[in-house]
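Undergrad:
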Amino acid sequence: MISTDDVSEPYFTVFTPVYNGAQHLSRVLKSISDQTFRNFEWIIINDGSTDASADIIKAYLRDHPELDAKHIEQPNSGKHISWNRAVKLARGTLFVPADADDYFLPETLKFFHDKWEEIHRDLRQGLSGINVLCLDNDSDRIVGTLFPEDGLITNNVELEFRYKLRGEKWGCIRVDILKTRLFPVVKGSHFPESYLWYHFSRKYKVICYNKPLRRYYTTDSGITQSASRSRQTRSQHLVNLRYYLWLNSAFGLYLLRHAPESYINNWKVIFGSIRRILTTRRKASLF
Numbered sequence: 006m007i008s009t010d011d012v013s014e015p016y017f018t019v020f021t022p023v024y025n026g027a028q029h030l031s032r033v034l035k036s037i038s039d040q041t042f043r044n045f046e047w048i049i050i051n052d053g054s055t056d057a058s059a060d061i062i063k064a065y066l067r068d069h070p071e072l073d074a075k076h077i078e079q080p081n082s083g084k085h086i087s088w089n090r091a092v093k094l095a096r097g098t099l100f101v102p103a104d105a106d107d108y109f110l111p112e113t114l115k116f117f118h119d120k121w122e123e124i125h126r127d128l129r130q131g132l133s134g135i136n137v138l139c140l141d142n143d144s145d146r147i148v149g150t151l152f153p154e155d156g157l158i159t160n161n162v163e164l165e166f167r168y169k170l171r172g173e174k175w176g177c178i179r180v181d182i183l184k185t186r187l188f189p190v191v192k193g194s195h196f197p198e199s200y201l202w203y204h205f206s207r208k209y210k211v212i213c214y215n216k217p218l219r220r221y222y223t224t225d226s227g228i229t230q231s232a233s234r235s236r237q238t239r240s241q242h243l244v245n246l247r248y249y250l251w252l253n254s255a256f257g258l259y260l261l262r263h264a265p266e267s268y269i270n271n272w273k274v275i276f277g278s279i280r281r282i283l284t285t286r287r288k289a290s291l292f
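Residue numbering for the sequence shown follows this note's numbering, beginning at 6 and increasing consecutively.
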């Protein structure tokens with residue numbers, strides 16, 4: 006077994022974006038406190054919250070000086086901007102996204118570490134990370150469908166369009182890979198998170214385990230609400246057009262073979278975005 010442990014650097018970078026998350030921050034704080042594997046850094050970016058989020062974070066870090074933590078305050082810019090900033094700062098081997106309203110089990114980082122270290126270095130070079138399952142907090146049941154087999158090696162495009170996997174999934178991803186592709190920044194809009202996962206699928210696979218490690222809560226976060234408003238802007242329609250054109254260009258033949266309905270739906274979104282762009286342009290010209 007080849008180890009990637011380095012006592013001078015954290016094994017994990019745990020990233021928590023926060024926007025008006027005071028009501029639910031206790032979940033991710035408890036997750037951090039409960040981890041049995043302690044070699045990690047924690048990057049918390051407060052994206053212009055107007056509630057007590059900043060005070061809660063400061064108090065927690067003051068009470069836990071042993072944590073290797075960076076608490077960053079920034080004007081409200083969007084989750085994708087926070088993500089890009091965290092990736093640039095990340096020093097770990099594996100990157101674990103942990104939203105302010107997330108709870109992940111105490112053995113989570115230990116599980117990721119042990120599974121990653123089991124993989125031979127040559128095989129790891131072709132993997133972007135690890136996918137695992139989520140538990141519904143209300144029913145305590147697995148969210149969505151299981152992976153076809155435990156330890157399956159595939160990519161995220163195949164998981165969605167070939168295996169028809171459904172429901173929230175989670176995991177960790179290599180920091181060095183993330184640093185090669187940040188979210189595009191377009192003022193007043195955002196790219197879907199799937200943009201990154203599909204992009205990495207062109208070169209890398211993931212290893213999947215039927216292990217539920219994160220509790221899934223169906224609460225509306227401020228980030229989600231903010232995103233829904235931005236979806237109405239002309240710039241967001243332009244981003245949608247760019248994204249779905251890229252998706253059908255990069256994976257068109259694959260989608261036609263395994264998910265023709267998705268390929269067709271993508272074109273519907275493309276033409277719908279063009280129509281809305283032209284409509285908003287005509288409206289703007291009236292003033």
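No residue lacks a Cβ here, since even glycine has one placed at the ideal position from N, Cα and C.
Which one or two residues does DSSP pair with residue 48 in a beta bridge?
TA: Position 43 of the sequence shown, counted from the start, is the residue given in the question as residue 48. DSSP, once it has assigned bridges, lists 20 and 75 as partnering residue 48.
Undergrad: Please go through the same chain and pick out, in chain order, the residues whose beta-carbon is closer than 6 Å to the beta-carbon of residue 206, but skip the five residues on each side of it.
TA: Position 201 of the sequence shown, counted from the first residue, corresponds to residue 206. Around residue 206: 160, 161 and 162.
Undergrad: For the alpha helix (DSSP H) that residue 246 lies in, which residues bound it at each end?
TA: In the sequence shown, residue 246 corresponds to position 241, counting from 1. 239 to 263 is the extent of the alpha helix (DSSP H) around residue 246.
Undergrad: Taking C-beta to C-beta, are residue 62 and residue 49 nearer than 7 Å?
TA: As a first step, residue 62 is located in the sequence shown; it is residue number 57 there, counting from the start. As a first step, residue 49 is located in the sequence shown; it is residue number 44 there, counting from the start. Going by C-beta atoms, residue 62 is nearer than 7 Å to residue 49.
Undergrad: Per DSSP, which residues does residue 97 bridge with? Please list them.
TA: In the sequence shown, the residue the question calls residue 97 occupies position 92. Answer is none; residue 97 lacks a bridge partner.
Undergrad: For residue 94, collect the residues of the same chain with a Cβ closer than 7 Å to its Cβ; drop the 5 residues on either side in sequence, then sort them by chain order.
TA: Numbered from its first residue, the sequence shown carries residue 94 at position 89. So the list reads 48 and 75, once near-sequence residues are dropped.
Undergrad: Alpha carbon to alpha carbon, what distance is there between residue 168 and residue 293?
TA: No information on residue 293 is available, as it lies outside the stretch 6 to 292 that the chain covers here.
Undergrad: Rounded to whole angstroms, what's the CA-CA distance from residue 281 to residue 249? Just pull it up for me.
TA: Mapped onto the sequence shown, residue 281 falls at position 276. Mapped onto the sequence shown, residue 249 falls at position 244. Rounded to the nearest angstrom, the two C-alpha atoms are 15 Å apart.
Undergrad: What did DSSP end up calling residue 160 once you bin it into helix, strand or coil?
TA: Within the sequence shown, residue 160 is the residue found at index 155, counting from 1. Three-state DSSP puts residue 160 in coil, outside helix and strand.
Undergrad: Assess contact between the region 132 to 142 and the region 170 to 185, defined as three or more Cβ pairs (one per stretch) separated by less than 8 Å. Is contact present?
TA: Enough Cβ pairs lie closer than 8 Å, so yes.
Undergrad: If you reduce the DSSP assignment to three classes, tell me which class residue 271 lands in.
TA: Here residue 271 is taken as the residue at index 266 of the sequence shown, counted from 1. DSSP places residue 271 in helix when its eight states are reduced to three.
Undergrad: What's the C-alpha gap between residue 190 and residue 85?
TA: Walking along the sequence shown from the start, residue 190 turns up at place 185. Walking along the sequence shown from the start, residue 85 turns up at place 80. Computed Cα separation, rounded: 8 Å.
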